[in-house]
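Worksheet for the structure shown next.
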């Protein structure tokens, strides 16, 4: 299986798909919809095939493809996946399908819309498999373009400022990151993530940085922090970490819901992926030296995210902030894991728990948030575009199945045991508590508030008196139930048997755990 | 063929074609289409490109060629620029073949002037004697002064032309005065002897002043801030295909002169001129991008963008000699591809009459001309510097060169600027993909793009894309393009 | 003061006068005259440096001056033609009144 370029194929498939959809879909919107789903299913099949063929005992990269690209600048075409990359590929493939499903009712310029969704998918695959900075950065940046157009063309009334804000914020972060990587390139003469990590872990990065860019007479330690800050900014905007989140609520609310699904389900994971793939292996000492502010940021992301969600009345905004809140737990897990250096057995176990919880949470949040936004899209279409909490009420009477299924997704987001959200949050808290007690304790407030606002949503939408205009609100049709059922089933499956995912993540987590030595 | 003629082959081909076009012009009866002349000019530029390519083979085999008593030096550096200029001219001619709405009588002059201008630019890049540079500069400038006012019968055209002319000659005077001073300080006007003379000069202050004045003169030509004031007005009034040409080819030539003059002629004064270059670079990037933010006219917007891009290009000069040449050459090539492409799209959309001008006019363009919108969008993305476009690698190359040489601030300012630049390119892009369609878009014909223009557009788009995905070929070429000062140059023309 | 210095002083004065004229005058023709003064200042420099330089046998300076005079003449011809074209449209050569191009 190694000889065959599966990962390149996986990335190329949606690109080809986008072309086919544009050309063949020009005649009939129906054809465009079905073709794009066909290609997305194809990508999912490849991802599942990769899942099946993945060697769970290996912590390093598998299916590596490496070719010279621009030798003069040390740029390589370098692909490979480990457990983390694999789970992200699978997540992207699933979320894209959910996004396509939720976008079914788009009527305007259908082929273009579906082609752009497929392009986003291709960029996600590219970014989650690339192991060379420039190669990775290419996809990271490129991902913004189809997303920009999706928001700009099909978004809500305030789409133009939202799209511009989204792009400019992310670009600003990327620029800072690019500068940092250029500095590291000049010091280490490589753009390879793994080589940079090796150099950093052996303690050679800082001296050569100081030698190559003696900037403003900074000590090597401070220079390291500046470089770290640049890279951190890039990822922090993408996740987003409070206080770099201001672009998110507008963007999520204005984007067509199908696109919001992609943004929250998969693109936000790019930022966290960057934390795990780049920041932790390369910058663990720098992270440790500013850990207190970082932990405060995680706490702010969790607590303020959930508080803001509670204050919202627009369904999309509620779940936009809820997304921030849920990704905050991941940040907590990551930051807690780098708190203490050393490698005694107990520390390693705690760290491993926090990190596997984080990776699991990334996957779970992707599935859950995407599904919830799918339900929001359904509510939106049936109520003629209404999204305010006060627009709904008592829907349980007319649409019991919808209420039940959406309830399951919401409870998964809330972290109810037996559903997927619980196990990952539990693992993060279990691992992080001994490592960063105060921060973890503060984050539990977030759990509480999440429960409050989610129960509030359930109550306001499904209980109470039925509004007059919803008197003939339709329940989910059989077809819709069929489509939604796999997502709901996945939540139960991962909640009851998380080992399915963890088995593939274990080796990667172990390797990552061991790299935090400094 | 004697070596002399071989070294001048691309210029010769262009000159002969240009003269032929002028001679044949009166033969064609009034009212008849001038297109055959256009095809002749296209053939000429194609042949001159091939001639440059042939020179490359010769230079690869035999080493540097010289001509005109060693005032012309054909090395990979000059051949690179010859190829670039020939390509820009070829694409511009293809794109403007059907530009003139009716068979107007002076269309023949247009084709001839483009060719003559290219001759001047090519001379600038290959000469190592400031006299030849001056003549080349004047040939190219005079042609472009006239071309800028080519939309005859419109007040904006002659205004654009006169502004360009007055500020251009103003700059020429600075350049000439600088050359005179450098002659006084070193006793020569050839690149090699200037470098030698600087080592023993007794009037270093005069030399520094001279370099500053040459920089001012060429700064005008490349529209680097603070010498950029003419750019928006001239670009706004000139015909779109001409702007595409004059925002790239003459600038490339002027940058080539700067590279040779600064790195080969005055390396002794590196510490002095690097400061000036930094100031010019920062000013151009900041003023260009900030100026573009509040523009409504698309051509003005792209004019400010070209000022900013001149700034990015100047950043390349802060690298080591090899990095500077490689970075600047690469950036010039990518900038030429994307900018000529953008202006070609504009000229296709708004035609000779240029009815659609402002960003608002472009609202909803995508609904009417999806293909053209996608192309323009692609060029704009490349101007922003999105990966998979040439613009990304160009910026990357330039900034890594500057950082490598310790100019961290410049790198930070530059990258921050490219963030700011996002805003105004996106404003245009957002308008194109907005709804509802503006009334002005109704003026845009739904006609098919003619075959030559389609070829030109495809060529620029493919070049932009190719430089973004597989920049390797060009990187190889520019990495070994660093010009050397050969001993032969030291021979004075008058001593022969 | 050596003769060379006197010539340099003269040319510097001429250049400054030309520069001032080109920058302050609002009539296109007068601006053009200012620019011509600047060009000729450079020519004086070239010839002075040739005449009083260490190597008057090499005719570099005087050659340069001859070329620059002829090229400047060509430039002025084109310039006057452009000014004529402007005059035909605007019935004026005052640069302040030629300002239709704006952002």
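Residue numbers (the working numbering), protein chains in the order written: chain A, 3 to 520; chain B, -2 to 493; chain C, 705 to 807.
Glycine is no exception: its CB is placed at the ideal position from the N, C-alpha and C atoms.
Predicted model only: the values in this text are computed from it and were never measured.
**Message:** Along the segment 129 to 149 of chain B, where does the CB come closer than 7 Å to a CB of chain C? Name the residues.
**Reply:** 131, 132, 135, 139, 142, 143, 146
**Request:** Keeping to the same chain, check which residues put their C-beta closer than 6 Å to that of residue 776/C; ignore five residues upstream and five downstream.
**Result:** 743
**Asked** Would you say the segment 341 to 356 of chain A touches the segment 241 to 257 of chain A, given that touching needs at least three Cβ pairs under 8 Å?
**Response** no
**Chain-ordered chain B contacts of residue 772/C [CB-CB under 8 Å]** = 131, 173
**Asked** Ends of the beta strand (DSSP E) at residue 71/A?
**Response** 64 to 72
**Request:** Any chance you could list the beta strand (DSSP E) runs of at least 3 consecutive residues sitting entirely within the segment 33 to 87 of chain B, in chain order?
**Result:** 62 to 64, 69 to 71
**Request:** Could you check what DSSP says for residue 393/A in three-state terms: helix, strand or coil?
**Result:** helix
**Asked** By the criterion of Cβ-Cβ separation under 8 Å, what are the contact partners of residue 139/A in chain B?
**Response** 384
**Request:** Determine whether the Cβ of residue 409/B lies closer than 8 Å to any Cβ atom of chain A.
**Result:** yes
**Nearest neighbour of residue 88/B, chosen from 106/B, 72/B, 111/B [CA to CA]** = 111/B
**Neighbour list for residue 173/A in chain B, Cβ cutoff strictly below 7 Å** = 416, 419
**Extent of the continuous beta strand (DSSP E) to which residue 82/A belongs** = 77 to 83
**Message:** Using C-beta distances below 8 Å, list every residue in its chain close to residue 57/A, excluding the 5 sequence neighbours before and after it, in chain order.
**Reply:** 64
**Request:** Work out the CA separation of residue 131/A and residue 381/A for me, nearest whole Å.
**Result:** 35 Å
**Message:** Cutting at 7 Å between CB atoms, please list the residues of its own chain near residue 94/A, excluding the five before and the five after it.
**Reply:** 123, 126, 127, 130, 268
**Prompt:** Assuming residue 274/A and residue 332/A make a contact with CB atoms under 8 Å, what is their CB distance in whole Å?
**Reply:** 5 Å
**Item:** C-alpha gap between residue 19/B and residue 160/B, whole angstroms
**Value:** 26 Å
**Message:** Restricting to runs no shorter than 4 residues, where is the alpha helix (DSSP H) found entirely within the segment 243 to 306 of chain B?
**Reply:** 246 to 256, 267 to 290
**Prompt:** According to a CB-to-CB cut-off of less than 7 Å, which residues of the segment 371 to 397 of chain B neighbour chain A?
**Reply:** 378, 383, 384, 385, 396, 397
**Message:** Checking the sheet assignment: what are the DSSP bridge partners for residue 316/A?
**Reply:** 390/A
**Contact with chain C by residue 162/B, beta-carbon distance below 8 Å** = yes
**C-alpha gap between residue 450/A and residue 281/A, whole angstroms** = 30 Å
**Prompt:** For residue 448/A versus residue 345/A, is the C-beta spacing smaller than 8 Å?
**Reply:** no
**Message:** How far does the alpha helix (DSSP H) with residue 31/A in it extend, from its first residue to its last?
**Reply:** 31 to 55
**Prompt:** Of the residues 150/B, 4/B, 37/B, 263/B, which one's Cα is nearest the Cα of residue 235/B?
**Reply:** 150/B
**Request:** Drop a sphere of 10 angstroms on the beta-carbon of residue 486/B, count the other beta-carbons inside from all chains shown, and report buried for 16 or more, exposed for fewer.
**Result:** Because residue 486/B sits at a pLDDT of 40, beneath the cut-off of 50, its placement in the model cannot be relied upon, and the following sentence gives the value as read from the coordinates. Looking at its Cβ environment, which holds 16 or more other Cβ atoms inside 10 Å, residue 486/B is buried.
**Asked** Is there contact between the segment 477 to 491 of chain A and the segment 369 to 388 of chain A, where contact requires at least three CB pairs shorter than 8 Å?
**Response** yes
**Prompt:** Taking residue 269/B as the reference, which of 240/B, 315/B, 287/B, 291/B has the closest Cα?
**Reply:** 315/B
**Request:** Take residue 123/B as the anchor and find which of 103/B, 185/B, 49/B, 158/B has the nearest alpha-carbon.
**Result:** 49/B
**Request:** State the start and end residues of the unbroken alpha helix (DSSP H) segment that holds residue 427/A.
**Result:** 422 to 437
**Prompt:** Can the beta-carbon of residue 133/A be found less than 8 Å from the beta-carbon of residue 80/A?
**Reply:** yes
**Request:** Using a Cβ cut-off of 8 Å (strictly closer), state whether residue 737/C contacts chain B.
**Result:** no
**Request:** Would you mind stating whether residue 228/B and residue 303/B have Cβ atoms separated by less than 8 Å?
**Result:** yes
**Prompt:** How long is the line joining the alpha carbons of residue 303/A and residue 431/A, rounded to whole angstroms?
**Reply:** 15 Å
**Prompt:** When every heavy atom of the ligand NAP is checked, does at least one fall within less than 7 Å of the C-beta of residue 276/B?
**Reply:** The ligand NAP is absent from the structure shown, which contains no ligands of any kind.
**Message:** Which of the three DSSP states is assigned to residue 166/B in this structure?
**Reply:** helix
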